[in-house]
Structures are given as structure tokens and as C-alpha cells.
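Going left to right, the sequence shown walks through residues 550 to 761 as our numbering numbers them. Every residue, glycine too, gets a C-beta built ideally from N, C-alpha and C.
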Amino acid sequence: MRLRNISGSREVIAQSPFVIHEPYQYKGNWKEVFGNDHPVRIEIGMGKGRFLMDLAKKNPKINYVGIEKYSSVLLRGIQKMASDPMPNLYFIRMEAEEITDVFGRGEIDRIYLNFSDPWPKDRHAKRRLPSREFLARYHEILKKDGVIEFKTDNHDLFQFALEELEPAGWHLEQMTEDLHHNAQMMEGNVMTEYEERFSAMGNPIYKYVIAR
Ligand code: SAH
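Below, the structure written as C-alpha cells:
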């Protein structure tokens, strides 16, 4: 997702109380950020953040961190939070590649990847968020029995994600090629902004839940 570069978004982010500005200093100490030891779940590539805001509201005893690389997109999340602040949700503006510098070993309870960028060129496969390179990073920060939940409407990206599992040491817990017609996996489903847009166009939504 790339919005027009909104002038001043970096300045607004720099002053926002909803953003963790020096996330590297909290590696291994995210409890301090939230002031409790509730589980911490993250969405990587959160876009405007509505998915996490809905989850944070539904589950006050779970902590959430949203990661987004573009300031102009993150700004939208900050603006929404300002009208409805929640103590169990923070944002970080960063590149997902650095995730192991920000979270300690086993510190994360669950990882959400929603409608990740497809990076269709072969030579960019490493940049895809469900690639084996990223799975190795998630392995470090995710607790032993933690899971990754991935949703997309992109068939090729989903096929790629399925092929990456085994070599990286993960296995499928749940999988569907049509989430919105799978009653069991739809239970408690929280729609993301992209999910709403693409399912309204008639695209099936793919989803997996994986563990080690
Ligand atoms: N999860 C949202 C947005 C999906 S678009 C939804 O489902 O509605 C994908 C988002 O991921 C974009 O906002 C993009 O900027 C962000 N993103 C992609 N690669 C990233 C990376 N390496 N690090 C951080 N954010 C990333």
C-alpha cells in the first residue's frame, strides 16, 4: 500500500504517543512498554491498522504491536487511534527485516501477515513476508507453541508460502482456499482493509495457520 507522500507525516509520527520511537531498546522487555505481562501479538505490514484496532478492542488482555514501513500509511493508523486510544496497542515504523533486533527470543505470542506485498519477480522472493528467510526470523521471536496466521487473495503468493513451510521447519495447522466459505475458520475472523476490498470484488481469500 503506498499513499501519496503526505507532507509532515514523519513529524506527526515522531511526536505520536501511539508509536514506539526507539523499539530496539525494548528487545526482550516489551512487558515494560505495556506495563503487564499479557501476550504480545504483532501484525507485520499492518497498513492503516484497522485489523489490529478491532482486535485490541475485542481482547483487552492481549497486547498488540503493528509494524508498517511507510510513514504516510502509518499516519492513518495514528489518526484513527487518536479518536479512540487503546492502552494495548502500539505502532512501529520500521522494515520487517529488522524484526529480530526489536523482539527477543520467544517474546511474541502470535504473528499476523495480512495481504503482504507479492514481490512477483523471482529475484525478490526473499522480500516476501512468508519466505523461508522471514520464517527463520519469526522462528527466533515467536514462542515455542506460537503460530503465524497469513491471509491473502494472491494465489501465487499463497502457493509460494505453502512451498516455503517445510524447508523452513514449519507445518500447517489449518488451511483454506476460500476463507469466507469455511465456517470453522471464519469463526471470529476479523476483516482487514484489503480483505474487505478484495472479497467484495469476488476474490477468494486464502488463509493458513502454521506452527513448528
Ligand atoms: N495488512 C493490511 C495492509 C496490507 S498492504 C491489510 O490487510 O489491509 C501491505 C502493507 O505492508 C503495506 O502497507 C506495506 O507498506 C507494508 N509492508 C510491506 N512490506 C513491509 C516490510 N518489509 N516491512 C514493513 N511493512 C511492510
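Per the contact definition of three or more C-beta pairs closer than 8 angstroms, is the stretch 635–653 in contact with the stretch 571–579? Taking 8 angstroms as the limit for Cβ pairs, the verdict is that the stretch 635–653 does touch the stretch 571–579.
Is F764 near the ligand SAH, going by C-beta to nearest heavy atom under 6 angstroms? Here the chain comprises residues numbered 550 to 761, so residue 764 is not present and cannot be evaluated.
Practice problem: In the DSSP assignment, find the beta strand (DSSP E) that holds M643 and state where it starts and stops. | Solution: In the sequence shown, the residue the question calls residue 643 occupies position 94. For M643, there is no enclosing beta strand (DSSP E), as DSSP marks it with neither H nor E.
Contact check, P679 vs F699, beta carbons under 7 angstroms:
Translated into the one-based positions of the sequence shown, residue 679 becomes position 130. Translated into the one-based positions of the sequence shown, residue 699 becomes position 150. Cβ atoms of P679 and F699: closer than 7 angstroms.
> Is T741 near the ligand SAH, in the sense that its beta carbon is under 6 angstroms from a heavy atom of that ligand?
Replying inline: If you number the sequence shown from 1, residue 741 lands on position 192. With a cut-off of 6 angstroms, the C-beta of T741 is classified as near the ligand SAH, since at least one heavy atom of the ligand falls inside that distance.
Notebook entry, point to check: With C-beta atoms as the reference, is W668 less than 7 angstroms away from R677?
Noted result: Start at 1 with the first residue of the sequence shown, and residue 668 comes out as number 119. Start at 1 with the first residue of the sequence shown, and residue 677 comes out as number 128. The answer is yes: Cβ separation under 7 angstroms.
Open item on the list: List, from N- to C-terminal side, the beta strand (DSSP E) runs of 3 residues or more that fit wholly inside the stretch 614–667.
Closed with: Runs found: 638–642, 657–663.
Which value, in whole angstroms, describes the spacing of the CA atoms of R761 and F583? Counted from its first residue, the sequence shown places residue 761 at position 212. Counted from its first residue, the sequence shown places residue 583 at position 34. Cα-Cα distance, rounded: 27 angstroms.
Is there at least one non-hydrogen atom of the ligand SAH closer than 6 angstroms to the beta-carbon of V622?
One-based indexing of the sequence shown puts residue 622 at position 73. Judged by the Cβ position, V622 qualifies as a neighbour of the ligand SAH at the 6 angstroms threshold, a heavy atom of the ligand being closer than this.
**Asked** Between G626 and the ligand SAH, is the CB less than 6 angstroms from at least one heavy atom?
**Response** As a position in the sequence shown, residue 626 is number 77, starting the count at 1. Short note on G626: C-beta not closer than 6 angstroms to any heavy atom of the ligand SAH.
> Got a sec, what are the start and stop residues for the beta strand (DSSP E) K756 sits in?
Replying inline: If you number the sequence shown from 1, residue 756 lands on position 207. Counting along the chain, the unbroken beta strand (DSSP E) around K756 starts and ends at 755–760.
Q. Should A645 be counted as a contact of the ligand SAH given a C-beta to heavy atom distance under 6 angstroms?
A. Numbered from 1 along the sequence shown, position 96 holds the residue referred to as residue 645. The beta carbon of A645 sits closer than 6 angstroms to at least one heavy atom of the ligand SAH.
Q: Between the Cα of V739 and those of A563, Q564, G598, spot the shortest distance and give me the residue it belongs to.
A: Here residue 739 is taken as the residue at index 190 of the sequence shown, counted from 1. The option with the nearest alpha carbon to V739 is G598.
key: Uninterrupted alpha helix (DSSP H) stretches inside the stretch 700–752 (no shorter than 4 residues)   = Within the stretch 700–752, the complete alpha helix (DSSP H) runs of at least 4 residues are 704–714, 732–735, 742–749.
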